[in-house]
Amino acid sequence: MTEIPLQQHIAPSGEQMTVRDLASCPPPERWHDWVEYDAKAWPRKVERHYEIIPTVCFNCEAACGLLAYIDKETGRVKRFEGNPYHPGSRGRNCAKGPATINQVNDPERILYPLKRVGKRGEGKWVRTTWDEVLDTFASKIRAAIVEGRRDEVMYHVGRPGHDGYMERVLGAWGVDGHNSHTNVCSSSARFGYHIWCGIDRPSPDHANARFILLISSHLETGHYFNPQAQRIIEGKMKGAKLAVMDPRLSNTASMADYWLPTWPGSEAAVLLAMARVILVEKLYNREYLRRWVNWQEFLAASLPVPQTGFPNVEQTFDCFVELLIDLYDEYTPAFAAKESGLSEEIIVDIARQIGHAGTAFAAHTWRAATAGNLGGWQVSRALWFLSVLTGSIGTPGGTAPNAWNKFVPAPFRKPSPTEVWNELLFPPEYPLANYEMSILLPYFLREGRGKLAAYFTRVYNPVWTNPDGTSWIEALTNEQQIELHAALTPVWSETAWYADYVLPMGMGSERHDLMSQETHAARWIGFRQPVLRVYKERHGEPVTFTYQANPGEIWEEDEFWIELSWRIDPDGSLGIRTYFESPYHPGQKLTIEEYYRWMFENSVPGLSAAAAKENLTPLEYMRTYGAFEIPQEQAPVYTLNERELKAAELEGALVDERTGRIARNGTTIGVMIDGKACEGFPTPSRKLELYSSTLKDWGWPEYAIPGYTRSHVHRSAINHERGEYLLLPTFRLPTLIHTRSGNAKWLYEISNANPVWIHPGDAERIGVETGDLVRITTEIGYYVNRAWVTEGIRPGIVACSHHLGRWRLETGLGTDRWASALVSLGRDRDGIWRMRHVEGIRPFESDDPDSSRIFWREGGVHQNLTFAVHPDPVSGMHCWHQKVRAEPAHAGDRYGDVSVDTGKAYQVYQDWLAMSRPQRNRPDGLRRPLWMIRPYRPATSAFKRTS
Ligand code: SF4
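Structural data, given as structure tokens:
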């Protein structure tokens, strides 16, 4: 066979779109009939013919492109490889992408909808029909809507995997029911970014950076793992230096020029010390600060103790800088070194390198320090401070707000926002919480703050993923609190066990979704599609619903929600059905093809023209290539704050002479900068808010400017002599997904243990060696796991990865046997929940011969059950780190033992709740600042308290 030379497709951004450094890949003109020799037939040369259809990986958020190789003889997917024409991943995937084939072919997968027949959690299931499921939920939801209980319908999402679809569905139903996993994940990181610039995610341009600072290993272990990781390496190959702040020697840290193993929670102190060096040594970007920071507002404001206002400070930029240096005076390198354990020299050295990198300084933090610590949002806020000082916001080689590097096309007909506010999601105690207070749902239900008539957990496994999972079991088994629960899931989960219905959903190759992510300085969309449906349709076999092409009766959710919406409002009298009617054939039910076709034809700049060049319709183009990068002339990506407002935009607009804000019809649309009307940032000042009047006015005046919050796991709180350590549970192994790795045999073959990392000095003090059992005791219980003694963790810290320790309660039912131990789990007479392994992972007989070859036995230990909730009082984020006792296992302890006292867990919840500052009686009546984003945003009227 001849190797086909790769075409050089140049992306509109100027990046080589797909083929850089790839040795070979099939060119698209041959995707309809790609021929390879059958490796298993070697040495005979037996040709196999494949049709290659692109889709998008669903195994993390990054949305990399995949190519499905469909064997033309069997009509089945043979394997998945990277899609070189995908702008984000460019043909490169991590191990989890190709492992999609394991998930598709998993002999343990759920193929039909299941209905509970015993008590909740008893594990008795019968197969049911989709009709029965749809009718049951439709009547329950319709009743809630008609009876004005619009806060009793909740959709709780783990991995969304799409942009905007569900917000539209919930908006059409008129419910405030979007819940997410985000406050166990990224809500603190988001808060720190959002309070600065009104957009809550960073998008570093690593490939063009001169200096890269990462606070976390997360780029290599989960979030944007592959698309950003490959660009970090590109940046390094062009000479960029990489520093990684992480107490653990992660894969990313091991590739860095500087590994900075800070004490967890001290990161903001280090970053502020770096900021001070940059200020004192005049390495900052003076013009950028002068033009884009809200320093005038800051000087004019009266700050609370310890800053007591600046009556004597001249209102000039130079005075502002002097004042800043004064205010950050305590953040000396010596102070930061004392807090973090780093040396003063390295802090100063890195600060100088950042200053010299200037507008080519790229930085990123996501989970890690922000997710671990009380006040974790101050870490992302302090990191963005460095980007502001260097003027590297949205520059080549800098870090943009993610909305500049992402594109979400608008669908047809947008529902009006609901006028309902759901306090189960956004309670008065957390008015600034960046995302729903998801982790507190079980306590809120227990306290009678509300109930749920219909609850969907969707690719979400709170029993296993969230802290205090046994409190979730208690809520999920209470039929007064949750009347009807469906788990929409592509795989068995510990939470699905407690549902009334388990509804199997498609993998990445079995469903439609549209995604865009901020993988680099460009904007693209990726089209996930059910490849066997596309294959059948191309070959003249009509398919009405995707489940007809999928294994068993696996539905795709998009179609599920359309069907459900029609049944909720069969005659259209509730005003719901109209949003699920065809934009092409009025009155007829929307097909999923029409939904995407309309967006591709109407909402994606440049797509129609690109498609026309190849004699394709926009939909055909997306079905063929699976992705599209929007030309930069139609959707620029750099320094968008500088965009000058057009005359039409300024018509009727007024300029506030004091602040320069430009408002039209009561909405601020821009800001005057040096005489130019600029778009600015979506903040109240339209500038970067070093000074946050929002924090000041909403109960946190001491945080009006970036600062350092001492974490709940500050060094002074932990006494090693008493056996106390800081447990770092926020990392994962790069080959694992959350719940969904459970049916990916290749991934479990690679990663199947999560021992407790212990530094050699600590191991000696504790008296354990690698492989010994250790007991880790938290505030509410303990778990027993093996020790791994390693210098890859900072002394004083123990660490345990959180993506293992899956369990099932029955031999042949529940979580996949590739991944789960059979356990006993229940309350003892003393009310304590106890889990014990009955049997570890064992080989089993199935259609897949590999299942009898399983060699791993233990499968990891679950730890999250033993964690109490720690909601940060500002951002609402669960603060994962905690003080624990680490000691050798007790007599009678066994690997995998877990013990939890949910009574204590409730007490800890109340302790943290008491730290919040509710804002119930504001003169303006608002529940939350209007300018702050919400994942599903109700009408402005809903922001106002009526009683
Ligand atoms: S980085 Fe994420 S989206 Fe990309 S291949 Fe890996 S799991 Fe899939």
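In case it helps, my numbering puts the sequence shown at residues 58 to 1004. We put the CB at the ideal spot given by N, CA and C, even for glycine. Since the model is a prediction, treat every value here as computed from it, not as a measurement.
Check: Given a threshold of 16 other Cβ atoms within 10 Å of its Cβ, counted over all protein chains shown, does T365 qualify as buried or as exposed?
Finding: Translated into the one-based positions of the sequence shown, residue 365 becomes position 308. Low confidence applies to T365: its pLDDT is 49, below 50, so where it sits in the model is not reliable enough to give any reading.
Item checked: Bridge-paired residues (DSSP) for A878 -> Sequence index remark: in the sequence shown, residue 878 carries index 821 (1-based). Partner(s): W864.
Notebook entry, point to check: Taking the Cβ atom as the reference point for each residue, do F788 and R225 lie within a distance shorter than 9 Å?
Noted result: By one-based count along the sequence shown, residue 788 stands at place 731. By one-based count along the sequence shown, residue 225 stands at place 168. No, the pair does not count as a contact, with Cβ atoms beyond the cut-off.
Note to self: I'd like to check one pair, S307 with G398: are the Cβ atoms closer than 9 Å?
What the structure shows: The count along the sequence shown starts at 1 and reaches residue 398 at position 341. The count along the sequence shown starts at 1 and reaches residue 307 at position 250. In this structure, S307 does not lie closer than 9 Å to G398 by Cβ.
Checklist line | Span of the alpha helix (DSSP H), counted from its first residue to its last, around Y653 | finding: Here residue 653 refers to the residue found at position 596 when the sequence shown is read from its first residue. Run containing Y653: 649 to 659, per the alpha helix (DSSP H) assignment.
Next item on the list: Could you check if I67 is buried or exposed, using at least 16 other CB atoms within 10 Å of its CB as the buried criterion?
Entry: As a working mapping, residue 67 is identified with position 10 in the sequence shown. Low confidence applies to I67: its pLDDT is 42, below 50, so where it sits in the model is not reliable, and the reading given next is rough at best. The C-beta of I67 has fewer than 16 other C-beta atoms within 10 Å across all chains shown, which makes the residue exposed.
Margin query: Taking its Cβ as the centre, do 16 or more other Cβ atoms sit within 10 Å of T868, making it buried, or is it exposed?
Written below: Locating residue 868 in the sequence shown gives position 811, where the first residue counts as 1. By the 10 Å Cβ count, T868 comes out exposed.
Next item on the list: Decide if the segment 905 to 922 is in contact with the segment 500 to 508; the criterion is three or more beta carbon pairs, one per stretch, under 8 Å apart.
Entry: Below 8 Å, too few C-beta pairs join the segment 905 to 922 and the segment 500 to 508 to call them touching: fewer than three.
Notebook entry, point to check: Would the C-beta of S146 count as close to ligand 1, meaning under 8 Å from any of its heavy atoms?
Noted result: Locating residue 146 in the sequence shown gives position 89, counting from the first residue. With a cut-off of 8 Å, the C-beta of S146 is classified as near ligand 1, since at least one heavy atom of the ligand falls inside that distance.
Margin query: So within the segment 406 to 461, which uninterrupted beta strand (DSSP E) runs reach at least 3 residues, ignoring any that extend past its ends?
Written below: If we require 3 residues or more, the beta strand (DSSP E) runs fully inside the segment 406 to 461 come out as 418 to 422, 456 to 458.
Checklist line | Coil, strand or helix - P361 by DSSP | finding: If you number the sequence shown from 1, residue 361 lands on position 304. Since pLDDT at P361 reaches only 48, below the 50 mark, its modelled position is unreliable, and no value is offered.
Notebook entry, point to check: What do you reckon, is the C-beta of G432 under 8 Å from a heavy atom of ligand 1?
Noted result: Sequence index remark: in the sequence shown, residue 432 carries index 375 (1-based). Checking the Cβ of G432 against ligand 1 gives no.
Note to self: Relative to the C-alpha of E616, which candidate in S660, D557, M211, G563 has its C-alpha closest?
What the structure shows: Mapped onto the sequence shown, residue 616 falls at position 559. Distance from the Cα of E616 is smallest, within the candidate group S660, D557, M211, G563, for G563.
Note to self: Can you look up A943 in the DSSP assignment and give me helix, strand or coil?
What the structure shows: Taking the sequence shown and counting its residues from 1, one reaches residue 943 at position 886. Strand.
Next item on the list: State yes or no: is the beta carbon of A286 nearer than 9 Å to at least one beta carbon in chain D?
Entry: The structure shown has no chain D; it contains just one protein chain.
Checklist line | Residues bridged to G583 (per DSSP) | finding: Indexing the sequence shown from 1 puts residue 583 at position 526. Answer by DSSP bridge pairing, in chain order: M572, A684.
Next item on the list: Using a threshold of 9 Å, state whether the C-beta atoms of G234 and L589 are closer than that.
Entry: Taking the first residue of the sequence shown as position 1, residue 234 is located at position 177. Taking the first residue of the sequence shown as position 1, residue 589 is located at position 532. In this structure, G234 lies away from L589, with their beta-carbon atoms at least 9 Å apart.
Notebook entry, point to check: Taking the alpha-carbon positions, what's the L317 to N430 distance?
Noted result: Position 260 of the sequence shown, counted from the start, is the residue given in the question as residue 317. Position 373 of the sequence shown, counted from the start, is the residue given in the question as residue 430. Between the C-alpha atoms of L317 and N430 there is a straight-line separation of about 17 Å.
Margin query: Can you determine whether any heavy atom of ligand 1 sits closer than 8 Å to the C-beta of E567, and answer yes or no?
Written below: If you number the sequence shown from 1, residue 567 lands on position 510. No, the beta carbon of E567 sits no closer than 8 Å to any heavy atom of ligand 1.
Checklist line | Classification of F194 by the beta-carbon crowding that lies within 10 angstroms, buried from 16 upward | finding: Here residue 194 corresponds to residue number 137 of the sequence shown, with the count starting at 1. Per the 10 Å Cβ criterion, buried.
Note to self: Can you tell me whether P261 is helix, strand or coil according to DSSP?
What the structure shows: Numbered from 1 along the sequence shown, position 204 holds the residue referred to as residue 261. In this structure, P261 counts as strand in the three-state DSSP scheme.
Margin query: Using the three-state DSSP reduction, which class does D95 fall into: helix, strand or coil?
Written below: Counting from 1 along the sequence shown, the entry for residue 95 is found at position 38. Annotated three-state conformation of D95 is coil, per DSSP.
Check: From this set, T796, R832, I823, which residue's C-alpha is nearest P812's C-alpha?
Finding: Translated into the one-based positions of the sequence shown, residue 812 becomes position 755. Comparing Cα-Cα distances from P812 to each of T796, R832, I823, the minimum goes to R832.
Note to self: Is any non-hydrogen atom of ligand 1 found closer than 8 Å to the C-beta of C121, if you look at the structure I gave you?
What the structure shows: Here residue 121 corresponds to residue number 64 of the sequence shown, with the count starting at 1. Flag set: Cβ of C121 near ligand 1.
Check: Between which two residues does the beta strand (DSSP E) carrying F513 extend?
Finding: Counted from its first residue, the sequence shown places residue 513 at position 456. Residues 511 to 515.
Notebook entry, point to check: With distances taken from CA atoms, which of D375, F137, P83, P100 is nearest E567?
Noted result: As a working mapping, residue 567 is identified with position 510 in the sequence shown. Ranking D375, F137, P83, P100 by CA distance to the CA of E567 puts F137 first.
Notebook entry, point to check: How would you label R718, buried or exposed, when you count the other beta carbons within 10 angstroms and need 16 or more for buried?
Noted result: Walking along the sequence shown from the start, residue 718 turns up at place 661. So R718 ends up on the buried side.
Check: Relative to the C-alpha of N523, which residue among Y966, R105, N921, M989 is closest?
Finding: The sequence position of residue 523 within the sequence shown is 466, counting from 1. Per the Cα distances, N921.
Notebook entry, point to check: How about G448 and Y345: do their beta carbons lie closer than 9 Å?
Noted result: As a first step, residue 448 is located in the sequence shown; it is residue number 391 there, counting from the start. As a first step, residue 345 is located in the sequence shown; it is residue number 288 there, counting from the start. Yes, these two residues count as a Cβ contact at 9 Å.
Note to self: Does G215 come out as helix, strand or coil in the three-state DSSP assignment?
What the structure shows: Along the sequence shown, one-based indexing puts residue 215 at 158. Coil at G215, not helix or strand.
Next item on the list: Would you decide whether H421 is buried or exposed? Buried here means 16 or more other CB atoms lie within 10 Å of its CB.
Entry: The count along the sequence shown starts at 1 and reaches residue 421 at position 364. With 16 or more other Cβ atoms within 10 Å, it is buried.
Check: What do you get for G960, buried or exposed, if any count of 16 or more other CB atoms within 10 angstroms of its CB means buried?
Finding: Reading the sequence shown from its first residue, position 903 is the one you call residue 960. G960 should be labelled exposed.
Check: Is C82 helix, strand or coil by DSSP?
Finding: Counting from one through the sequence shown, the residue named residue 82 turns up at place 25. C82 falls in the coil class under three-state DSSP.
Checklist line | Inter-residue CB distance, Y385 and R333 (contact presumed, cutoff 8 Å) | finding: Working through the sequence shown from its first residue, we reach residue 385 at position 328. Working through the sequence shown from its first residue, we reach residue 333 at position 276. 5 Å between Cβ atoms; contact.
Next item on the list: Please list the segments of the alpha helix (DSSP H) lying wholly inside the segment 282 to 306, counting only runs of 4 or more residues, in order along the chain.
Entry: Here the runs fully enclosed are 282 to 294.
Note to self: Quick check on V210: does DSSP put it in helix, strand or coil?
What the structure shows: Locating residue 210 in the sequence shown gives position 153, where the first residue counts as 1. Collapsing the DSSP output to three states places V210 in a strand.
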